[in-house]
Amino acid sequence: MSRDAAGAEASPDFESWAAPRWSRLVRTAYLLTGDHHEAEDLVQTTLAKVYAGWARIGQLDEPDAYVHRALVNNNLSRFRRRRVVHLLTPRLPERSRPETTASVETRASLVAALAALPPRMRAVVVLRYWEDLGEQQVADVLGCSVGNVKSQASRALRKLRDHPALAAAESGER
443 MSRDAAGAEA SPDFESWAAP RWSRLVRTAY LLTGDHHEAE DLVQTTLAKV YAGWARIGQL
503 DEPDAYVHRA LVNNNLSRFR RRRVVHLLTP RLPERSRPET TASVETRASL VAALAALPPR
563 MRAVVVLRYW EDLGEQQVAD VLGCSVGNVK SQASRALRKL RDHPALAAAE SGER
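Just so we're aligned, residue 443 is where the sequence shown starts under this note's numbering, counting upward by one.
The structure is reproduced here in structure tokens:
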């Protein structure tokens, strides 16, 4: 059994819940932050906060939804404290299957376009289309109305379609 930062033994329930979700949470955080290292930091911070309240959170019907909300909220807080210089890395998180060069370039273009979106809009796109949550679930996670999710998604998709990096990738230009 591992120990947390305070030296206390970590809850086996929390460990068994968090371990299989780590990769997916990091991929989601990567789409929110645009940086692999910041994504890992964001997930670590979020899981540390969740661990502190795991006795309560673990009893929820959907602890995953709670963690997604915490991940988005921590990202928004991080964005507010964002450094003046922010470097985006072209490297993507590890994938379970090999990628073709074209799909890597397309994905890099998508990450660049996502980085250009405001944080709240980016969160809607990531939760709705990457995490495949329904509009009501996204609204619950973000604490807004379904109509707000629909309008944010619509505006975000329009911005993504118009983004030069995605237009060049779609037309085959490099």
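C-beta atoms are modelled at their ideal positions from N, C-alpha and C, and glycine is treated no differently.
Judged by DSSP secondary structure, arginine 562 falls within the alpha helix (DSSP H) whose first and last residues are 561-567. Valine 580 is a Cβ neighbour of leucine 569, given a cutoff of 7 angstroms. In the structure shown, the three-state DSSP call for glutamate 573 is coil. Where leucine 474 is concerned, the enclosing alpha helix (DSSP H) starts and stops at 464-475.
Sixteen is the threshold: since fewer than 16 other Cβ atoms of the shown chains lie within 10 Å of the Cβ of tryptophan 464, the residue is exposed. Rounded to the nearest whole angstrom, the CA to CA distance from valine 485 to leucine 513 is 7 angstroms. Around alanine 558, the same chain offers Lys601, His605 as residues with beta carbons nearer than 8 angstroms, after the five sequence neighbours per side are excluded. Annotated as proximal: arginine 511 and valine 583, with beta-carbon spacing under 7 angstroms.
Separation of valine 588 and leucine 473 (C-alpha to C-alpha, rounded to the nearest whole angstrom) is 22 angstroms.
Looking from the CA of arginine 520, the closest CA among Ala461, Ala507, Val509, Asp483 belongs to Asp483. The beta carbon of valine 566 lies closer than 8 angstroms to those of Val580, Leu584, Val591, Gln594, Ala595, Ala598 in the same chain, with the five residues before and after it left out.
As the crow flies, the alpha-carbon of valine 468 is around 8 angstroms from that of histidine 478.
When C-alpha distances from aspartate 574 are compared across Ala507, Thr548, Ala481, Leu502, the shortest belongs to Ala507. In the three-state reduction of the DSSP assignment, serine 587 falls in the coil class. Under the three-state reduction of DSSP, aspartate 503 is assigned to coil, being neither helix nor strand. In the three-state DSSP reduction, histidine 510 falls in the helix class (H, G or I).
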